[in-house]
Amino acid sequence: MSLGDEPGYPETGHTRTRLPEGDPYGGASRRGGRSSSRSLVTVVGVVVLLIAAIAFANRGGNDGSSDTSGNGSTGNGSGPATSSTAASGTKPVETKSDGIPTGYAHSAQGAQSAAANYAVLLGSTGMFNKESRHWIVGGLYTSTAAAKLQNALDTAYSASFLGKLGLDANGNAPQGSTFVSRTVPVGTKAEQYSDADAKVSVWYMGLIGMSGTSSTNPVTTTWKTWTFDLQWSGGDWKISTDSQTDGPAPVPGDDQAATSDAISKAVEQYGGFTYAR
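When we follow full-length UniProt numbering, the leftmost residue of the sequence shown carries the number 1, and every step to the right adds one.
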């Protein structure tokens, strides 16, 4: 997935995401069954390793809590108001810096838009290459946080670790195979907000694995919640610390798994979104 190929945003004031053109894919050949327990253990181990690396680098971060939010909660225990999930019509971002969306609104909605898009970048295949990983981390985190993370992540994304996913030392997939790593935000919540900082949780579905006829690590899904502590710095939201927890995960449906060829084509043909709260 290219990190700088997002299209422009529509001028209408009622669209939350910029959808790719064309019809949703369907009718692809399918195969039944589940991956082997060995493959599942490998993928789970990969995810745990990455989360542990980030957690290690972020030790000592802010763990305070607050019920203050910018998501329109009713505050009476009856659940969120409809405004908390309605599209705001506010563009998520106006500009880009080296392909990274920048210039988020200085508001709770802007912080949520930033967190959603940062989760997408941090969950992308670009994180598996040292050069692009340094560019992503340097662009999304505060300078202090980035300095702490770079070495820790370089250690986590070792040649041995990449080899477990079937990648070479530079994060490249074997010829004829497609490596898949995507974060798909489902929703965001402002845990707390002020003009100086914000805590935003992003509930997402992750895709990770190798699509190819000889792959022993097929593409699987995972459900997690990614919480970002953001600071308003240099006219934009930057990550100071972040953490992840498992779930909430829905009950799996009855859909049969697609063939590796269908997954590879879907990844190549369907670009990602720029998310707006």
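Don't be surprised by glycine CBs; every beta carbon is placed ideally from N, CA and C.
In this text, all values refer to a predicted model and were calculated from it rather than measured experimentally.
Annotated as distal: Gly209 and Thr222, with beta-carbon spacing of 8 Å or more. Contact check for Gly123 against Thr183 passes: the beta carbons are separated by less than 8 Å.
With a cut-off of 8 Å on Cβ pairs, the stretch 104-118 is not in contact with the stretch 155-171, counting fewer than three such pairs. Taking all protein chains in view, the Cβ of Gly110 is crowded by 16 or more other Cβ atoms within 10 Å, so the residue is classified as buried. With 16 or more other Cβ atoms from the protein chains shown falling within 10 Å of its own Cβ, Asn217 counts as buried.
Residue ranges of uninterrupted alpha helix (DSSP H) with 4 or more members, entirely inside the UniProt domain "DUF8175" (92-249) and ordered along the chain, are 108-122, 130-140, 143-156, 159-164. Here the C-alpha atom of Tyr275 lies approximately 15 Å from the C-alpha atom of Leu140. One alpha carbon belongs to Lys189, the other to Gln112, and they sit about 7 Å apart.
When Asp242, Ser132, Ala266 are compared, the shortest CA-CA separation from Val202 is found for Asp242. Distance from the CA of Gln256 to the CA of Lys164, rounded to the nearest whole angstrom, comes to 26 Å. Just so you know, the alpha carbons of Gln231 and Thr102 end up roughly 14 Å apart.
If you compare the alpha carbons of Gln192, Ser215, Lys238 with that of Pro174, the shortest gap goes to Ser215.
Counting the other CB atoms within 10 Å of its CB gives Val200 a total of 16 or more, which places it among the buried residues.
Burial is judged here by how many other beta carbons sit within 10 angstroms of a residue's own beta carbon; Asp246 has fewer than 16 and is exposed. Taken through DSSP and simplified to helix, strand or coil, Ala262 comes out as helix. Under the 10 Å beta carbon count, Asp236 is surrounded by 16 or more other beta carbons and is classified as buried.
Just so you know, the alpha carbons of Ala196 and Pro92 end up roughly 19 Å apart.
With a threshold of 16 other beta carbon atoms within 10 Å, Glu191 meets it and is buried. As the crow flies, the alpha-carbon of Pro185 is around 13 Å from that of Ala249.
Taking the C-beta atoms as reference points, Ser132 is found nearer than 8 Å to Gly126.
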